[in-house]
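*Asks:* First, the structure itself, so that you have it in front of you.
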Amino acid sequence: EVQLVESGGDLVHPGGSLRLSCAASGFTFSSYWMSWIRQAPGKGLEWVANIKEDGSTKYYVDSVKGRFTISRDNAKNSLYLQMNSLRAEDTAVYYCVREGGMDVWGQGTTVTVSS
Amino acid sequence: EIVMTQTPLSLSVIPGQPASISCKSGRSLLHGNGKTFLYWYLQKPGQSPRPLIYEVSNRFSGVPDRFSGSGSGTDFTLEISRVEAEDVGDYYCMQGIHFPYTFGQGTKVDIK
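Protein chains in written order, with the numbering used here: chain A, 1 to 115; chain B, 1001 to 1112.
So, in structure tokens, the structure goes:
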């Protein structure tokens, strides 16, 4: 079964850091671009970042550039999102998503930034 | 950034009746390879989004044929031929050609 399982979400103070992880299974992880997409409470979907199959190319939405870093470990079938200098507006459910149409989504992990 | 504009923002439908959602993009989504990178997703209450349509009009595996997509360039439409109770939720269009990828605001569909 194709599956993505996120972890690492937590309550963090403004200015703090957090690292999200996504474990992939059931498909050849190294053959796909991967994205992180988030959803603030009661709001719509926002694409955050993505990374090429081999990790050589990455793109970010402007609001997280310089603060978030997407990475992957194909040997471990894992995707990561390092989030630094967190702000209240980063509070959201973060989804790990397989590209190729965004056809597979994880269940999401919740990040809350609050003092 | 490409702005994706969905209308209406909410829709109340009688079961068995059709429903239609419009999505307009600020720029053409037609790629030089001839493909148009417009997608549709449904997020049911309390769930992760589920893919419905890719490249304007292709249904993802397992999507009922009452769902159809159409359009070109900057104007797109998702149609449900006969709405069922299980179709309630938030529908989103997304463009996947220009970074950053962007979503429409969402259309909330419920049953009358």
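Every residue gets a Cβ at the ideal spot worked out from N, C-alpha and C, and that includes glycine.
Note that this is a predicted model, so its numbers are computed, not measured.
Determine the chain A residues that contact Ser1048 (chain B) at a beta-carbon separation under 8 Å, and present them in chain order.
*Replies:* Against the second sequence, residue 1048 (chain B) aligns to sequence position 48. Those are Tyr95, Trp105, Gly106, Gln107, Gly108, listed as they occur along chain A.
*Asks:* Nearest to Trp105 (chain A) by alpha carbon, out of A:Val48, A:Ser35, A:Ala49?
*Replies:* Indexing the first sequence from 1 puts residue 105 (chain A) at position 105. The option with the nearest alpha carbon to Trp105 (chain A) is A:Ser35.
*Asks:* Chain B beta carbons: is any one of them nearer than 8 Å to that of Tyr59 (chain A)?
*Replies:* The sequence position of residue 59 (chain A) within the first sequence is 59, counting from 1. Nearest CB-CB separation between Tyr59 (chain A) and chain B: below the 8 Å threshold.
*Asks:* Report the rounded CA-to-CA distance for Tyr60 (chain A) versus Ser7 (chain A), giving the unit in angstroms.
*Replies:* Looking up residue 60 (chain A) in the first sequence gives position 60. Looking up residue 7 (chain A) in the first sequence gives position 7. Going by the C-alpha atoms only, they are around 20 Å apart.
*Asks:* Going along chain A, which residues have a C-beta under 9 Å from Gly1106 (chain B)?
*Replies:* As a position in the second sequence, residue 1106 (chain B) is number 106, starting the count at 1. Neighbours of Gly1106 (chain B) on chain A, chain order: Lys43, Gly44, Leu45.
*Asks:* Got a sec: is the Cβ-Cβ distance from Met83 (chain A) to anything in chain B below 8 Å?
*Replies:* Counting from one through the first sequence, the residue named residue 83 (chain A) turns up at place 83. For Met83 (chain A), the answer is no, since every Cβ of chain B falls outside 8 Å of its Cβ.
*Asks:* Looking only at its chain, what residues have a beta carbon closer than 6 Å to the beta carbon of Ser1012 (chain B), apart from the 5 residues adjacent to it on each side?
*Replies:* Residue 1012 (chain B) sits at position 12 when you count from the first residue of the second sequence. Contacts found: Asp1110, Lys1112.
*Asks:* Alpha carbon to alpha carbon, how far is Tyr1092 (chain B) from Asn74 (chain A)?
*Replies:* By one-based count along the second sequence, residue 1092 (chain B) stands at place 92. By one-based count along the first sequence, residue 74 (chain A) stands at place 74. Cα to Cα, the separation comes out at about 30 Å.
*Asks:* Is it true that the CB of Asp1075 (chain B) sits closer than 8 Å to the CB of Lys1108 (chain B)?
*Replies:* Residue 1108 (chain B) sits at position 108 when you count from the first residue of the second sequence. Residue 1075 (chain B) sits at position 75 when you count from the first residue of the second sequence. No.
*Asks:* From which residue to which residue does the beta strand (DSSP E) around Thr1006 (chain B) run?
*Replies:* Your numbering for residue 1006 (chain B) matches position 6 in the second sequence. The sequence as given places Gln at residue 1006 (chain B); Thr does not occur at that position. Segment 1004 to 1007, the beta strand (DSSP E) holding Gln1006 (chain B).
*Asks:* Quick check on this structure: which residue in B:Val1056, B:Phe1103, B:Thr1077 has the alpha carbon closest to the alpha carbon of Tyr1031 (chain B)?
*Replies:* Position 31 of the second sequence, counted from the start, is the residue given in the question as residue 1031 (chain B). First, the residue type needs correcting, since residue 1031 (chain B) is His and not Tyr in the sequence shown. Nearest C-alpha to His1031 (chain B): B:Val1056.
*Asks:* What did DSSP end up calling Ala40 (chain A) once you bin it into helix, strand or coil?
*Replies:* Position 40 of the first sequence holds residue 40 (chain A). In this structure, Ala40 (chain A) counts as coil in the three-state DSSP scheme.
*Asks:* With 16 other CB atoms within 10 Å as the buried threshold, where does Ala49 (chain A) fall?
*Replies:* Numbered from 1 along the first sequence, position 49 holds the residue referred to as residue 49 (chain A). Buried.
*Asks:* What first and last residue would you give for the beta strand (DSSP E) that runs through Lys1108 (chain B)?
*Replies:* Along the second sequence, one-based indexing puts residue 1108 (chain B) at 108. 1107 to 1111 is the extent of the beta strand (DSSP E) around Lys1108 (chain B).
*Asks:* At 8 Å on the CB atoms, spell out the chain B contacts of Gly101 (chain A), in chain order.
*Replies:* For the purposes of this step, residue 101 (chain A) is taken as the residue at position 101 of the first sequence. The answer, in chain order, is Tyr1039, Pro1051, Tyr1054, Glu1055, Phe1060, Gly1096.
*Asks:* Considering only DSSP beta bridges, list what Tyr1054 (chain B) is partnered with.
*Replies:* The residue given as residue 1054 (chain B) occupies position 54 in the second sequence. Paired residues: B:Asn1058.
*Asks:* Chain A partners of Thr1007 (chain B), CB-CB under 9 Å?
*Replies:* In the second sequence, counting from the first residue as 1, residue 1007 (chain B) sits at position 7. Chain A residues near Thr1007 (chain B): none, gap ~14 Å exceeds 9 Å.
*Asks:* For Ser56 (chain A), count neighbouring Cβ atoms within 10 angstroms of its own Cβ and tell me buried if that reaches 16, exposed if not.
*Replies:* Here the question's residue 56 (chain A) lines up with position 56 in the first sequence. Under this definition Ser56 (chain A) is an exposed residue.
*Asks:* Any idea what DSSP makes of Lys58 (chain A), helix, strand or coil?
*Replies:* Reading the first sequence from its first residue, position 58 is the one you call residue 58 (chain A). The answer is strand: DSSP assigns Lys58 (chain A) an E or B state.
*Asks:* Name the two residues that bound the continuous beta strand (DSSP E) containing Met1094 (chain B).
*Replies:* Within the second sequence, numbered from 1, the residue matching residue 1094 (chain B) stands at position 94. It spans 1089 to 1095 - the beta strand (DSSP E) in which Met1094 (chain B) sits, taken as one unbroken run.
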